[in-house]
Structure formats: structure tokens, C-alpha cells
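From first to last, the protein sequence lines are chains A and B.
Residues 1 to 334 in the working numbering are what the first sequence spells out, letter by letter.
Residues 1001 to 1129 in the working numbering are what the second sequence spells out, letter by letter.
From the three backbone atoms N, C-alpha and C, an ideal C-beta is built for every residue, glycine too.
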Amino acid sequence: MIAKSKVRVLGFFLTVLMVNTCLAQLEGEWYLTINHVAERLGVISFERREGELRAFVDGGPADFDMEGNRLEMDVDYRNGGGRLLSRHFTGTLNGDSLSGTLVAEHDDSTGTWLAERFVPETALPAAPVDLSGIWSRISAGMEKVFLDYTDSAQAIVDDYNYLDDPGLRCNSPGLVRISGWPYPMEIIQNDRQVTILYESFREVRRIYMDGRDIPEDFPASAMGYSTGHWEGSTLVVETSLLKPNFVDQAGQPVSGNAKIRERIVLSEDGQNLRSLLTLHDPENYKMPIVRFRQWRKTPERTMMEYDCDSYPFYRGLELEGKLGDFLERVRQRQ
Amino acid sequence: MRILIHCLTMTGLIACAASAAAHHSFAAEFSYELFGTKEGKVVEVHYVNPHARIFFAVKNENDEEEIWDAQTFPPATLLGQGWRRGTIKVGDRIILQGNLGLENSRKLWISTMTLENGTVIYPNGGRDN
């Protein structure tokens, strides 16, 4: 009888130990690759907060369960039309790898996923590569919708109306969104400057590579002021002096004090480009927001003019009888 | 032993629902469930970004003319589906099928457009939003 009790107690403690060991192994950052319709990249981080391990995908909180070495997780996203959806992940932890399958709950479509532990970059001497050419978006990444908001950001999100989207009125939606827009970009490069011409909103970005500092008194803009340097063959770009804008079309704000770091990597065959964009904006988010972008080289494409007209937007509001309300909303937000 | 770690609070879930209804110009304006067909005469046509747009006059059941607001993908997408600037003009009669606007608004997101000569155009190649 005593022996049986001891075995039960020992079993309980072994189970607790195994679960705690697995949870401890999760802590830290993991690069996530999912294959669901297309390949998408993201970052999972497991952080201990108030004694409890929490999961974050691309900087937004995600529900997860852990049983032994088996993990389940739900991650929200939107489809191209803006519909709020969710993917349910199941998988197992094996050392420095997490992998499994996923299902999109609205249509039961399935996919696979793999997460590998983040390995800190070691300092490498500059080894510039040629990024020039026309690039077309493959994927804008996981783009998790719900993020780790501060109270002030939550209030902005709650107050957001889709009519606030500057893109509907042909105003630039800003660096974070334009970097993921489904239109091509052309990169022109020399030793002193990398210039990116975006088809979207005819935006132009100059990334200064001459070692200058970002000036303090330069006017803010939708794409900000960017400086860059090479870490090995990775182009690292720092951007600030951003005008307040949004992370996506759900109204997650970007403040004027936000800073963005991008790590842009060319694939070995020179045909694919990947950017890990991290938005540091403590006014709005308790942890940095991550967005992964991927493009493929498309020399056969010709850049088109982004012919944008805000008239149909206002005409539509007039027909709906909402133009007066919209103008009043704009006045109140000034 | 099962460890449950829930990050979304009830407040968060409420925020989810509110934001879902106020997000994208499609999901915020059009129904995923309600579809309709409208025939009418083109009043204005705008082959521009961010969305191509047609305002067209439709006769209602009382034989009164109503202006409907139809939207679709931008020119870069439409070009690949055979819809060019000049494919339709003011005064043309067209039949549009697609997702209807929310709140009984006179809006429609075009899934197919039938021209006077019978040509049918699928703005997004028949894919869903």
C-alpha cells in the first residue's frame, strides 16, 4: 500500500518534472515556417510573465496548451479580404525543433509547420550583395492580427473604423504595410545608397549607406528616414522619423516615435529576398511587432504607375449618406 | 497533467469581435454570405487604385432608378483577367454578380461582370476573397 502510494507520488512528480522541463525548453524565440496554401514565416516567442509561460506569435499573444512534449496553439490571421480567421496548430517538441500540422478552422484546410530555435547572429564583416532588380511579393508572413497592446493602443484599435484607412483615400499607409503590399518593388543600389521604388502609392525609399546618423530635425514621413549597413551579406536597415500610421487594416497604430529594424537577406541562388521587420513602438505595444516579407526576383515584370484616385471613395460615401459623418470624424481626430 | 495557458481574456475576445467588423474594405463593407445579381446602366467608371469602381443605375421593383456602387480589384489584377481601361464605358449595360454590401447598402463586390456582347469577366479569376 505504502509502496503503491510512493509510486503514485513519484509518478506525479515525474509528470510535473517532464511538463516543466518541456515548458522550460520552450522559452526563447523560434523561427516559424508554415505551409498553408503558401509558405509564410513568423516568429514564436515563449516568455515567462508573472510566473507563467506565455506564447507570442509575431509579437501578439497566442493561446497554447502543453501536454508532455505535445503542443497545441491557436493563431489568428486575416485572409486577403480581411476576414478574421484562425489556424489551430498541433505538434511536438523535439530538442531544438517544434513541428506538426495545422488546420484552418473555417474551411478545414490543412498545412504543416516547423519552428526552429533562434540562433543569435554573430558579428560578421560587411560582405555586400547585389539586391538590384524588380521583386514581387510571395508572402507578407503570418501577420498575426491581435497584438500585445498598451492601453492607449487598445483605445485606438477599438475606435478604428475601416474608413480611417489612409490607403482608401490614396494616402500612403506607411512603411510597415507597404512593405507587405502585393505589388512589386524595384531596388537600385550603389555603395552609398539603396533605393527602393515601390509600385504601391509611388513610394520611394532612400536607405543611406554612408554611415550618417538619422537627423533629429528632419520632417517625419510615411516611409521614414532610413540608414543601413551590412552585417555579412545581410542588409540591416534602421528607420525612424515615421508619421503616425497603422500596422495593418485593423487599426493597430504606429506612433511617431516608433523605430523599425529590417534584416534583409538574399537567398543563395539570388532569386528570393526575405525581410524580417521588427517594429519597436513601446507607446503602443508591450513587445516588438514582427512582420516577415518574402519576394521573388521578377525581371520580366514592368513597374506600373500606381494610378490612385480618392474621388470614388468620397462619391461612395455620398451615395451612402455617410459623407457628412466621415468629414466630422476627420475634424474630431485633428 | 495538462497545463492550460490562456492569453486571451474575455475583454480581448470582445475586442476581437469588434475589430473583425471594422477591418478591411471588403470584410467591413461586404457580406461573405449574401450574394446578388444586378443589371443596370453604367453611370461612372473608375479604373483606378486602390479599387476599380463602377457606379451604375438599377431599376428597383417600383421602376425607380437607384445608383449602386460596385467595387473590385485594382487595375494590376484586372489586366490579367482581360479587363482593360475602356472595356466598359459610361452608358453601357452590364450585369454584375457578387457579394452584397452589409446593412442593406446598395453596394456590390464584383465576382463576375457580363458585358452587352455576352463576354463574362471574372475580376479575380474566380477565386474567393
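Residues near residue i in its chain [Cβ-Cβ closer than 8 Å; skip 5 each side]
i               : result
H1023 (chain B) : Legend: pLDDT at H1023 (chain B) = 34, less than 50; position of this residue unreliable, value from coordinates given subsequently. Counting only Cβ-Cβ distances below 8 Å, and skipping sequence neighbours, we find nothing.
H280 (chain A)  : A258, K259, I260, R261 and P288
Whole-Å CB distance - residue i paired with residue j, under 8 Å assumed
i               : j               : result
L197 (chain A)  : G59 (chain A)   : With 8 Å as the limit, L197 (chain A) and G59 (chain A) do not qualify as a contact, their Cβ atoms being about 29 Å apart.
G1098 (chain B) : V1042 (chain B) : Rounded, the Cβ-Cβ distance is 16 Å, inconsistent with contact.
L1096 (chain B) : A1070 (chain B) : 5 Å
G100 (chain A)  : G91 (chain A)   : 2 Å
V75 (chain A)   : F89 (chain A)   : 7 Å
L266 (chain A)  : S233 (chain A)  : 7 Å
W135 (chain A)  : L273 (chain A)  : 6 Å
From the options, residue whose alpha carbon lies closest to that of residue i
i               : options                               : result
H36 (chain A)   : A:E27, A:P182, A:E283 and A:G111      : A:G111
I178 (chain A)  : A:Q334, A:A115, A:R137 and A:D96      : A:R137
K286 (chain A)  : A:T150, A:D159, A:D217 and A:L241     : A:T150
S226 (chain A)  : A:E320, A:R192 and A:N245             : A:R192
I1054 (chain B) : B:N1062, B:D1063 and B:I1067          : B:I1067
F218 (chain A)  : A:R202, A:L241, A:R206 and A:E199     : A:L241
R301 (chain A)  : B:T1037, B:H1051, B:N1060 and B:A1076 : B:A1076
D210 (chain A)  : A:W230, A:G224, A:E203 and A:R202     : A:W230
R54 (chain A)   : A:L26, A:G270 and A:F89               : A:L26
E105 (chain A)  : A:Y311, A:L114 and A:L85              : A:L85
S1025 (chain B) : A:Q154, A:Y162 and A:Y31              : A:Y162
L93 (chain A)   : A:R78, A:L114, A:F246 and A:R87       : A:L114
Listed by chain order, chain B residues near residue i by CB distance under 7 Å
i              : result
Y306 (chain A) : N1049
D309 (chain A) : H1046 and V1048
Y314 (chain A) : Near Y314 (chain A) there are no residues of chain B at all, since even the closest Cβ is about 11 Å away, more than 7 Å.
Partners in chain B for residue i, counting only beta-carbon separations shorter than 9 Å
i              : result
Y198 (chain A) : Those within 9 Å of Y198 (chain A) in chain B number zero; the least Cβ separation is about 13 Å.
D325 (chain A) : Residues of chain B passing the Cβ test: none, with the nearest at roughly 14 Å.
Interface residues of chain C facing residue i [CB-CB closer than 7 Å]
i               : result
S1105 (chain B) : Given the protein chain composition of this structure (A and B), no chain C is represented.
Other residues of its chain near residue i: CB distance less than 7 Å, five sequence neighbours each side excluded
i               : result
L1102 (chain B) : E1029, F1030 and S1031
A1017 (chain B) : Its pLDDT being 31, under 50, A1017 (chain B) is placed unreliably in this model, and the value from its coordinates should be taken loosely. Hits under 7 Å: none found.
R48 (chain A)   : E27
I156 (chain A)  : G251 and P253
D159 (chain A)  : none
Chain-ordered neighbours of residue i on chain B, where CB pairs are closer than 8 Å
i              : result
L168 (chain A) : S1025 and P1050
P299 (chain A) : Those do not exist, as P299 (chain A) stays about 17 Å from chain B at its closest Cβ, beyond 8 Å.
Y285 (chain A) : The contacting residues do not exist; Y285 (chain A) stays about 14 Å from chain B at best.
6 Å Cβ shell around residue i - same chain, five flanking residues per side excluded
i               : result
D65 (chain A)   : E72
A1021 (chain B) : With a pLDDT of 29 at A1021 (chain B), under the threshold of 50, the predicted position of this residue should be treated as unreliable, though the coordinate-derived value follows. If we look at A1021 (chain B) and ignore the five residues flanking it on each side, it has no Cβ neighbours.
A222 (chain A)  : S172, G174 and K243
C308 (chain A)  : C170
F201 (chain A)  : S172 and Y306
T1072 (chain B) : A1052, I1110 and P1123
Chain A contact residues for residue i, given Cβ-Cβ distances below 9 Å
i               : result
P1123 (chain B) : Here the premise fails: no neighbours, minimum Cβ distance about 13 Å.
I964 (chain B)  : This structure cannot settle anything about residue 964 (chain B), because the visible part of chain B is limited to 1001 through 1129.
Neighbouring residues, chain A, relative to residue i (Cβ below 7 Å)
i               : result
A1076 (chain B) : Y183 and M304
> Considering only residues of the segment 25 to 97 of chain A, which uninterrupted beta strand (DSSP E) runs meet the minimum length of 3 residues and lie entirely inside it, listed in chain order?
Replying inline: 28 to 36, 38 to 49, 52 to 57, 60 to 67, 70 to 78 and 84 to 94, all fully within the segment 25 to 97 of chain A.
> Can you list the beta strand (DSSP E) stretches of 3 or more residues lying completely in the segment 1084 to 1110 of chain B, in chain order?
Replying inline: 1093 to 1101
>> Give the list of continuous beta strand (DSSP E) stretches no shorter than 3 residues that lie fully inside the segment 1034 to 1061 of chain B.
In response: 1053 to 1059
> Where in the segment 127 to 155 of chain A do unbroken runs of the beta strand (DSSP E), each at least 3 residues long, occur, reported from the N-terminal end onward?
Replying inline: 133 to 139
>> For a minimum of 3 consecutive residues, which ranges assigned as the beta strand (DSSP E) are wholly contained in the segment 164 to 193 of chain A?
In response: 185 to 189
> Which ranges does the beta strand (DSSP E) cover as unbroken runs of at least 3 residues, wholly within the segment 246 to 327 of chain A, from first to last along the chain?
Replying inline: 259 to 266, 272 to 280 and 289 to 297
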